[in-house]
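Q: Each residue of the sequence shown is one higher than the one before, counting from 1 in the UniProt record's numbering.
Cβ atoms here follow ideal geometry from the backbone N, Cα and C, with glycine treated the same way.
One structure, as structure tokens, below. Some questions next.
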Amino acid sequence: VGADAVSHGATGKGNDQVRFEVSYYSLKPDIKVIAPWREWTMTSRTDMIQYAEKFGIPVPAAKRDEPPFSMDANLLHISYEGNALEDPWDAPSEDMFTRSVSPEK
């Protein structure tokens with residue numbers, strides 16, 4: 001794998017953290033996993049934005065307000081969740097396509 005540590009943005013609420021970490025450990029059993037939402041004192045989007053600003057990590061303006069969905073991403077995967085996505089008959093917002101393009105394009 002070539003890495004000593006990896007990180008993910010999954011919260012401690014769901015099973016995303018388990019899926020990410022089992023995948024990491026299957027590739028490198030002794031890898032250090034950093035899980036900020038679970039291990040650090042951040043409890044909100046505001047906390048995360050303040051942390052990013054403190055350390056000079058750019059935060060897009062669109063991420064500063066509460067978006068209609070949340071996104072979890074790593075090198076291999078991206079997933080979305082939120083009220084705007086609950087109805088399967090509603091098409092997703094075009095701004096969700098950050099690593100691909102809409103099938104209509």
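Which residues does DSSP list as the beta-bridge partners of SER93?
A: Your numbering for residue 93 matches position 93 in the sequence shown. Paired residue(s): none; SER93 is not in a bridge.
Q: Could you tell me which residues DSSP puts in a beta bridge with ASP72?
A: For the purposes of this step, residue 72 is taken as residue 72 along the sequence shown, with counting starting at 1. Answer is SER79.
Q: Can you find the residues in the same chain that come closer than 8 Å, C-beta to C-beta, to SER7, ignoring five residues on each side of it along the sequence?
A: Here residue 7 is taken as the residue at index 7 of the sequence shown, counted from 1. So the qualifying residues of the chain are VAL33, ILE34, ALA35, PRO36.
Q: Quick check on the burial criterion: 16 or more other C-beta atoms within 10 angstroms. Buried or exposed for PHE97?
A: Locating residue 97 in the sequence shown gives position 97, where the first residue counts as 1. Under this definition PHE97 is an exposed residue.
Q: The beta strand (DSSP E) with ALA3 in it runs from where to where?
A: Translated into the one-based positions of the sequence shown, residue 3 becomes position 3. From DSSP, ALA3 is part of no beta strand (DSSP E); its letter is neither H nor E.
Q: Under the DSSP definition of a beta bridge, which residues are partnered with VAL33?
A: To locate residue 33, count along the sequence shown from 1; it is residue 33. Answer is VAL6, bridged to VAL33.
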